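Worksheet for the structure shown next.
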Amino acid sequence: MQKVESGILYINSPQSKLEGEIGVFHGIFLTGAKIAGSGECGYPAIKRLLEIEEGTFTYIDVGSRGLGDLEENLKLRITQIINLMPNLPTNIDLAMGKNTLNRIRAMDTASMTETTETAEQHKVDKQVAEQLRAIDEKTMNFRALIFWGVFLVVSCGVALAFYIK
Numbered sequence: 040m041q042k043v044e045s046g047i048l049y050i051n052s053p054q055s056k057l058e059g060e061i062g063v064f065h066g067i068f069l070t071g072a073k074i075a076g077s078g079e080c081g082y083p084a085i086k087r088l089l090e091i092e093e094g095t096f097t098y099i100d101v102g103s104r105g106l107g108d109l110e111e112n113l114k115l116r117i118t119q120i121i122n123l124m125p126n127l128p129t130n131i132d133l134a135m136g137k138n139t140l141n142r143i144r145a146m147d148t149a150s151m152t153e154t155t156e157t158a159e160q161h162k163v164d165k166q167v168a169e170q171l172r173a174i175d176e177k178t179m180n181f182r183a184l185i186f187w188g189v190f191l192v193v194s195c196g197v198a199l200a201f202y203i204k
């Protein structure tokens, strides 16, 4: 079985005359939803679609094309939603749970800290590279002189050895 990067779960219920789509990212997160004909979207649409008691569904791999208007950045963990079913809360914060909210907040802070550290490290790396270039330029003539001197000595030694034989 191949892991799908992005997919759309189409849900249809002829009994309740409800049809809609839910965006799924990496098989882990619900990213958004919309109900056809009503314009309802976001978590309320996810709640209504998942509360359908009888209907059909189809899961389509959209690959790298993306989720389009289903990309609402809800980041609802599928496991969290499954644990709350069949009585999904009306509020998205309750659906996410305290631990999930704290994890998301922590990830955002950590990524900002990493970005700052990376920028500072990049500045240090640039300074070190500039210092190394300056040293390289200063010693280039000396290294060239040593190289050609060694070449001359070795060449003379080989020529002398060849001449003696």
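Residues in the sequence shown are numbered from 40 upward in steps of one, following our numbering. For glycine and all other residues, C-beta sits at the position ideal for the given N, C-alpha and C. Keep in mind that this is a model prediction, so the values were computed, not measured.
- Counting along the chain, I121 sits inside the alpha helix (DSSP H) bounded by residues 117-123.
- No Cβ-Cβ contact shorter than 8 Å links G107 with E44.
- When the alpha-carbon of L115 is set against those of N51, R104, V63, the nearest one is in V63.
- Scanning its chain for C-beta atoms nearer than 6 Å, with the 5 sequence neighbours on each side dropped, one finds around E58 the residues N51, A75, in chain order.
- Taking the CA atoms as reference points, G78 sits about 25 Å from G66.
- Put simply, of K177, L69, Q54 the residue whose alpha carbon is nearest the alpha carbon of T118 is L69.
- DSSP lists E58, T95 as the beta-bridge partner residues of N51.
- C-alpha of T129 to C-alpha of A84: approximately 11 Å in a straight line.
- Measuring C-alpha to C-alpha distances from L109 to each of I47, K165, G94 identifies I47 as the nearest.
- The beta carbons of L127 and I120 sit closer together than 8 Å.
- The beta carbon of T95 sits closer than 6 Å to those of N51, all from its chain and outside the five residues before and after it, given in chain order.
- Looking at the backbone, the Cα of E60 and that of R87 are separated by about 11 Å.
- L69 has V63, L115 as its beta-bridge partners, per DSSP.
- Contact annotation: L89 and M135 have beta-carbon atoms that are not nearer than 8 Å.
- A distance below 8 Å separates the beta carbons of Y49 and I99.
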